[in-house]
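A quick write-up on the structure given underneath.
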Amino acid sequence: MPVEFLTAEQRSRYGCYVGEPSPEQLALYFHLDDRDRSLLEPRRHDHTRLGFALQLCTVRFLGTFLSDPTDVPHSVILTLASQLNVADPGVLSRYREGQMRYDHIGEIKRRYGYQDFSSQPEHFRFLRWLYTRAWWSEERLTVLFDLAMARLIDCKVLLPGVSVLERLISSAREHASRRLWRLLSAIPTLPQRALLETLLVVPPGERQTPLDRLRRGPTRVSGPALVQALHRVDAIRLFEMEHLDLSFVPRGRLRALARHATTALVQNLRQLTLDRRIAKAIASK
Numbered sequence: 363m364p365v366e367f368l369t370a371e372q373r374s375r376y377g378c379y380v381g382e383p384s385p386e387q388l389a390l391y392f393h394l395d396d397r398d399r400s401l402l403e404p405r406r407h408d409h410t411r412l413g414f415a416l417q418l419c420t421v422r423f424l425g426t427f428l429s430d431p432t433d434v435p436h437s438v439i440l441t442l443a444s445q446l447n448v449a450d451p452g453v454l455s456r457y458r459e460g461q462m463r464y465d466h467i468g469e470i471k472r473r474y475g476y477q478d479f480s481s482q483p484e485h486f487r488f489l490r491w492l493y494t495r496a497w498w499s500e501e502r503l504t505v506l507f508d509l510a511m512a513r514l515i516d517c518k519v520l521l522p523g524v525s526v527l528e529r530l531i532s533s534a535r536e537h538a539s540r541r542l543w544r545l546l547s548a549i550p551t552l553p554q555r556a557l558l559e560t561l562l563v564v565p566p567g568e569r570q571t572p573l574d575r576l577r578r579g580p581t582r583v584s585g586p587a588l589v590q591a592l593h594r595v596d597a598i599r600l601f602e603m604e605h606l607d608l609s610f611v612p613r614g615r616l617r618a619l620a621r622h623a624t625t626a627l628v629q630n631l632r633q634l635t636l637d638r639r640i641a642k643a644i645a646s647k
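Structure below.
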């Protein structure tokens with residue numbers, strides 16, 4: 363299981379603005395409501411009010427605070443300056459160079475309920491959600507990464523470093539997969555397991571493994587093809603897998619295992635661990 367699965371471009375886009383927000387995003391994340399205004403109005407200086415608003419709306423939109431709170435698209439600055447009646451957005455240079463921006467981060471976290479990624483019980487709840495998602499679905503790691511980001515933002519948990527989130531997602535998928543292989547491989551009896559193992563062995567005097575023959579269905583509509591298909595069904599029934607209870611396995615995970623078992627090279631399947639080989643053999647039935 364890959365630990366780092368994001369491309370260099372995806373990593374560079376993490377936790378920062380990528381282009382100008384859309385009008386819909388500006389209206390959703392950069393609109394100052396009555397609560398925001400009541401917090402901003404007592405601040406005397408334009409650069410203080412505008413800088414605070416930038417940090418507040420940035421963490422709503424991105425799920426993190428920026429090292430340079432003024433490194434935002436121009437449309438964001440204009441949108442907030444207009445709402446705060448700040449005539450000269452250039453005053454932000456004073457905010458960027460001051461130390462009050464660090465105090466504002468703590469105030470925003472305290473007043474709006476933002477939590478650090480390592481704080482409890484939010485961290486445990488996120489790990490439980492991530493593992494559950496990895497168990498029930500066979501989503502690509504990049505899709506799971508995007509969903510995890512959205513989850514953290516919705517729950518007001520500040521995004522961790524990109525490598526931290528990558529490792530957690532890879533680990534959750536690996537744990538879910540290992541559990542699935544272990545549970546599936548424990549279902550068949552010992553004779554059934556031994557019979558499944560013969561699928562990857564080339565019988566004496568032949569050139570193909572039983573798996574290669576069984577996973578290649580008829581390609582023509584004819585009498586001989588029908589007979590061949592019936593023989594194929596009889597061969598599959600010898601494994602007595604039709605009565606195995608797989609109701610506890612998420613269908614998406616089962617389909618993914620079956621897809622890999624029917625397309626992977628036999629020599630690659632032989633290199634898998636025993637639990638994983640048995641699990642894929644069961645799924646392909």
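Here the sequence shown is numbered in the working numbering, starting from 363 and rising by one per residue.
Quick reminder that beta carbons are idealized off the backbone N, C-alpha and C, glycines included.
Fair warning: this is a prediction, and the values are worked out from it, not measured in the lab.
Secondary structure of V519 (DSSP, three-state): strand. Unbroken alpha helix (DSSP H) stretches of 4 residues or longer found wholly inside the region 370–413: 370–374, 385–391, 396–402, given in chain order. Residue I640 holds the alpha-carbon nearest to the alpha-carbon of I549 among I640, F507, L634, S384. Taken through DSSP and simplified to helix, strand or coil, Q477 comes out as strand. Here the C-alpha atom of L402 lies approximately 20 Å from the C-alpha atom of S437. The criterion of a C-beta distance shorter than 8 Å is not satisfied by Q417 and P404.
A direct Cα-Cα distance of roughly 27 Å separates R569 from L552.
In this structure, R411 and L446 form a Cβ contact; the two beta carbons are roughly 5 Å apart against a cut-off of 8 Å. In this structure, the CA atom of D395 is about 25 Å from the CA atom of M511. Ranked by Cα distance from F610, the options L634, Q482, W543 are led by W543.
Secondary structure of T441 (DSSP, three-state): helix. Excluding sequence positions up to five before and after T441, its CB lies within less than 7 Å of the CB of L388, F392, all in the same chain and listed in chain order. Rounded to the nearest angstrom, the Cβ distance from L573 to L561 is 4 Å, consistent with a contact under 8 Å. Pairing G523 with I515, the inter-Cα distance amounts to about 14 Å. The beta carbon of E501 lies closer than 8 Å to those of R495, L509 in the same chain, with the five residues before and after it left out. Excluding the 5 residues flanking it on each side, E484 has same chain C-beta neighbours closer than 8 Å at Q477, C517, V519, in chain order.
Taken in chain order, the complete alpha helix (DSSP H) segments of 4 residues or longer contained in the region 521–565 are 524–547, 552–559.
Leaving aside the five residues that flank D637 on each side, the residues in its chain whose CB is nearer than 6 Å to its CB run, in chain order, W543, R544, S547.
Taking the C-beta atoms as reference points, S532 is found nearer than 8 Å to L503. Counting along the chain, the unbroken alpha helix (DSSP H) around R456 starts and ends at 454–459. In the DSSP assignment, G614 falls within the unbroken alpha helix (DSSP H) covering 613–625. For the 8 Å CB-CB criterion, P383 and P435 form a contact.
Here T369 is exposed. Its C-beta has fewer than 16 other C-beta atoms within 10 Å. For R639, the three-state secondary structure derived from DSSP is helix. Counting along the chain, Q629 sits inside the alpha helix (DSSP H) bounded by residues 628–632.
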